[in-house]
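See structure below.
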Amino acid sequence: MKIFQVITVSEFGGAQSVVANLIQGLSDSDEVFILYGGNGEAWKHLDKKVHLIKLCEHRKEVSYKDLFLVFKLFKLRLKYKPDVVHLHSSKMGAIGRIVFNPKTIVYTVHGFDSIRKAFRKFLIVEKVLKNRAARIVGVSKYDVDCLREEGISKNVELVYNGVVDHTSDDQQSLENEDLKEKIKEIKRHYNHIVMCISRISPQKKFDLFVDIAKAKPNYAFVWIGNKDVLTDVPSNVFCLGETHSAYIYLKYADVFILPSNYEGLPISLLEALSFGIPIVASNVGGIGEVLDGNNGFAVENNIESFVSKIDYVLQDSVNSQIKTYARESYLRNFTINKMVEGYTSIFKAIYNKGNR
């Protein structure tokens, strides 16, 4: 199959991780193209041979420049004639469904609340284009249900995100020495590290992260993924910046937390499960489907709820059991193989139907 993976931007993030992980799992006989905006940070460490085609600079907002993007995508459609076009993000999901043959399109919604709640004015676009895709994929049951509530249901399918099991990797060779030393220095001064791996944006409740840290000054709160240097934070908050393969540093965490206003199915949360790290996260999007009280907790967005569960999962009497459940729940539901199987089944159905 000739497969296009089309995504708006290529900075490190959840949707970009899904693309990279999915490509690694596809058959070697598939010819894969990544069509992307930005500088391609997320593709620099791909092991698999793919065709990289930069579409534009990093640009999430809608502007007149998108007319040029439409023409460029249409030229690529005519030149390569893809069998399957896999669209990611709401912007590329809209433009791609206009440009490409709908019979070839798989559109993955990476968190429908980003449209339904945060950018509701774009909901009309989703409704108008709902039939211009062979499949619309929700990454959680929550997303699938929300799509159906908005009248988008005919061609909707569920495929949970999955992540690669990195626990047996040679992690030491992948670590950034400066970052490793910073974390080791933090561990020398604090008994417990509470970690979050995420970009900082209005969606991600960094303000809540800081407030939780203020309530637990005896714990170190480490955030990995911030672009800018942040200085006006409590002394027990450490913002260590962006890094490739951020999951490597989960081994230093005692608890993983993820405060957020809305989510699909966060990759960083699944990576924490794979490392057997207890999790406390906002009960938004698909998070409540993942955390069941045995492997971690989905809680309300307030300081008290987070602090209570952080303290609970760090108790010696429950900590080892939660770690075991976390690892087991990853192996049962969220491996890369399960995700690849889900998408491969969809791709093959589209390909076979187009070649009858």
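FYI, in the numbering used here the residues of the sequence shown are 416 to 771. We treat Cβ as the ideally placed atom computed from N, Cα and C, and that holds for glycine. Remember, predicted model here, so these are calculated numbers, not experimental data.
Secondary structure of residue i, DSSP reduced to three states
i, result
"E590", "coil"
"V465", "coil"
"T750", "strand"
"F515", "coil"
"I663", "helix"
"A668", "coil"
"I765", "helix"
"I615", "coil"
"V578", "strand"
Residue range of the alpha helix (DSSP H) that includes residue i
i, result
"M416", "First-last for M416: undefined, no H or E at that position."
"G429", "G429 to G440"
"L685", "I682 to S689"
"V652", "V652 -> not in any alpha helix (DSSP H); beta strand (DSSP E) instead, spanning V652 to C654."
"A624", "The question names Ala, but residue 624 in the sequence shown is Phe. Counting along the chain, the alpha helix (DSSP H) containing F624 begins and ends at F621 to A630."
"I639", "Taken as a continuous stretch (DSSP letters only), I639 belongs to no alpha helix (DSSP H), being part of the beta strand (DSSP E) at A635 to I639."
"V728", "I718 to V728"
Host beta strand (DSSP E) of residue i (start-end)
i, result
"Y522", "I520 to V524"
"V699", "Run containing V699: none; DSSP gives neither H nor E here."
"V714", "G711 to V714"
"V609", "I608 to I612"
Nearest-angstrom beta carbon gap, residue j and residue i [assumed within contact, 8 Å]
i, j, result
"G577", "T759", "Not confirmed; about 12 Å, so no contact."
"I761", "R550", "5 Å"
"L589", "I663", "5 Å"
"V644", "V625", "Between V625 and V644 the Cβ distance is about 15 Å, and since that is not below 8 Å, they are no contact."
"I608", "Y667", "6 Å"
Cβ shell of residue i (< 7 Å), same chain only, five flanking positions each side left out
i, result
"E456", "S425, E426 and F427"
"K724", "V695, F712 and V714"
8 Å Cβ shell around residue i - same chain, five flanking residues per side excluded
i, result
"Y677", "G526, D528, S529, K532, A533, Q618, V699 and G700"
Cβ-based neighbour list, residue i, same chain, cut-off 6 Å, excluding 5 preceding and 5 following
i, result
"Q420", "V434, I449 and H501"
"I567", "K545"
"K417", "E446, P497 and D498"
"W638", "C611 and C654"
Tell me the start and end of each unbroken alpha helix (DSSP H) in the stretch 528–571 that is at least 4 residues and wholly inside, in chain order. Within the stretch 528–571, the complete alpha helix (DSSP H) segments of 4 residues or longer fall at 538–543 and 556–564, listed in chain order.
Just list the alpha helix (DSSP H) runs in the stretch 448–510, keeping only unbroken ones of 4 residues or longer that don't cross its boundaries, in chain order. Within the stretch 448–510, the alpha helix (DSSP H) runs of at least 4 residues that lie entirely inside it are, in chain order, 481–495.
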